[in-house]
Amino acid sequence: MKKLTIAILATTMTFFCSLPLESIAQINQKYKIGVIDLMLLKRQKLGALTLTKEIGADGVEIDMGGLGKRPTFENALANDSIRTVFMNKAKELNIEMFSLAMTGYYAQSFCGREEYKKSIEDCIKTMQLMNIKIAFLPLGVQCDLKKDPAVRDSVVARLKVAGEMAKKAGVVIGIETALSASEEVKLLKEIGSEGVKIYFNFSSPLKEGRDLYKELKILGKNSICMIHCTNKDGVWLQNDPEIDMKKVKATLDKMKWTGWLVIERSRDANKSRDVKGNFGANTAFLKSIFQK
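Numbering (full-length UniProt numbering), first residue to last: 1 to 292.
The structure is reproduced here in structure tokens:
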């Protein structure tokens, strides 16, 4: 038994020693820092992976493509050869593609479109092909539960369906709403599916004057699948007086939450077009707090 234990330990050490230091660091991280191809101005472009590496982030959220009046997304990753190129490039760069985003629903109506199931099915199928476990579904302007409570029944009914589709596939759909944390807890209970969770956005409570740290605690670790760890544009995160990032980390540590912190905005107003500079600065700052 003693010899077997020693052999296992030796094998484990050999495995870790054979990995690049960067890979070992990623394995040990409770928190990973991600960016978004759409916000990098490289929607479904291979260059998003290279830029993610240059920025210093651990991974990138890939968009499903435009939606418009089509029954589903204009998704280049449905093409086997294109998808393979993306996956090989991510492996080469040691970059994770950690989420697929259905941002077409920012402008289109998830609660009103007759053919919504097809778009969800295509997203989940792409997730399975790429071994991605979380998708982002914004409810957008047409399904804003705060401004238009009348759409709630439709939203809930469709998220029940989408949630069951996700659960069956072993993935999660993260929704972003304009509701408070307590209202989102009620919404999740109404949906009643493990396949739907909250993709929390720091800017949502901040612009409404709510306590960011209390909102996180109200939702709790099991209701949050990912976090948009940024605020509105204007200044970099390190210069933002509205967010105490060390307090955010202390809150998440106490909750025992782990996962992806995704940089969406927080661009310097004086350098709004400096993609690499803005996202690089925010990535470096978040790593200095969450990956020390």
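Where is the CB? At the ideal position from N, CA and C, for every residue including glycine.
Endpoints, the beta strand (DSSP E) within which residue i is located
i              : result
glycine 234    : No beta strand (DSSP E) contains glycine 234, which DSSP labels as neither H nor E.
aspartate 63   : 59-63
glutamate 176  : 172-176
serine 99      : 96-101
lysine 197     : 196-201
tyrosine 31    : 31-36
valine 141     : Segment: none, valine 141 is in no beta strand (DSSP E) and carries neither H nor E.
leucine 77     : Leucine 77 -> no beta strand (DSSP E), and no H or E assigned at all.
methionine 226 : 224-228
Nearest candidate by alpha-carbon position, reference residue i, set the options
i            : options                           : result
lysine 186   : Leu219, Phe202, Pro205 and Ser154 : Leu219
lysine 167   : Thr283, Arg70 and Glu194          : Glu194
serine 109   : Asp148, Lys133, Glu208 and Phe285 : Asp148
lysine 221   : Met245, Thr258 and Phe290         : Thr258
leucine 41   : Val275, Gln128 and Arg83          : Val275
cysteine 123 : Ile263, Phe73, Glu115 and Gly209  : Phe73
valine 155   : Ala181, Glu183, Cys111 and Ile134 : Cys111
valine 171   : Ser180, Asp58, Leu129 and Gln29   : Leu129
lysine 217   : Glu184, Lys45 and Lys30           : Glu184
leucine 261  : Gly280, Cys225 and Ser204         : Cys225
lysine 91    : Arg152, Tyr116, Ser119 and Leu46  : Leu46
valine 248   : Gly280, Asp211 and Ala107         : Asp211
serine 223   : Arg158, Gly59, Arg113 and Ile173  : Ile173
tyrosine 213 : Pro71, Lys287, Met245 and Arg43   : Met245
serine 119   : Leu188, Val151 and Leu159         : Leu159
residue 305  : Ala135, Gly59 and Met39           : Nothing about residue 305 can be reported from this structure: the residues present for the chain run from 1 to 292 only.
glutamine 29 : Asp58, Gly280, Arg152 and Ala150  : Asp58
Extent of the continuous alpha helix (DSSP H) to which residue i belongs
i                 : result
isoleucine 55     : 47-55
valine 161        : 152-169
lysine 118        : 116-130
phenylalanine 136 : Unbroken run through phenylalanine 136 is the beta strand (DSSP E), 134-138; no alpha helix (DSSP H).
isoleucine 245    : According to the sequence provided, residue 245 is methionine. The question's isoleucine does not apply to it. Taken as a continuous stretch (DSSP letters only), the alpha helix (DSSP H) holding methionine 245 covers 245-255.
lysine 271        : No alpha helix (DSSP H) contains lysine 271, which DSSP labels as neither H nor E.
leucine 93        : 80-93
isoleucine 218    : 212-219
lysine 189        : 181-191
Anticipated Cβ contact below 8 angstroms, residue i with residue j, distance rounded
i                : j             : result
leucine 145      : leucine 139   : 7 angstroms
asparagine 75    : threonine 126 : 6 angstroms
leucine 93       : leucine 49    : 6 angstroms
isoleucine 33    : threonine 283 : 5 angstroms
isoleucine 263   : cysteine 229  : 6 angstroms
phenylalanine 86 : glutamate 61  : No, phenylalanine 86 and glutamate 61 are not in contact; Cβ-Cβ is about 13 angstroms, not under 8 angstroms.
aspartate 37     : aspartate 63  : 6 angstroms
lysine 178       : serine 203    : Reading off the sequence, residue 178 comes out as alanine, not lysine. Alanine 178 to serine 203, Cβ: 11 angstroms. No contact.
glutamate 215    : alanine 169   : With a Cβ gap of about 29 angstroms, glutamate 215 and alanine 169 do not count as contacting.
tyrosine 31      : glutamine 291 : 7 angstroms
Close beta carbons around residue i, own chain, < 8 angstroms, minus the five adjacent residues each side
i           : result
alanine 269 : Asp233, Gly234 and Val235
serine 272  : Asp233 and Asn278
lysine 287  : Ile33 and Gly56
Nonlocal neighbours in the same chain, by C-beta distance under 7 angstroms from residue i, ignoring five residues either side
i             : result
glutamate 242 : Leu206 and Asn231
leucine 19    : Interpretation of leucine 19 is limited by its pLDDT of 44, a score under 50 that renders its predicted location unreliable; no figure is taken from the coordinates.
arginine 83   : Leu77, Leu129 and Met130
lysine 256    : Lys221
Contacting residues, own chain, Cβ-Cβ under 6 angstroms from residue i (five flanking each side not counted)
i             : result
isoleucine 27 : Low confidence applies here, because isoleucine 27 scores a pLDDT of 49, under 50, leaving its location unreliable; read the following figure in that light. If we look at isoleucine 27 and ignore the five residues flanking it on each side, it has no Cβ neighbours.
lysine 133    : Val171
leucine 237   : Ser266, Asn282 and Phe285
glutamine 142 : Ser109
Min CB distance residue i to chain B below 8 angstroms
i           : result
leucine 188 : No chain B is present in this structure, which holds just one protein chain.
Cβ contact (3+ pairs, closer than 8 angstroms) linking the stretch 51-59 and the stretch 239-258: no
Is it a yes or a no for the stretch 59-72 touching the stretch 86-104, going by three-plus beta-carbon pairs under 8 angstroms? yes
So does the stretch 189-203 actually touch the stretch 161-176, counting three or more Cβ pairs closer than 8 angstroms? yes
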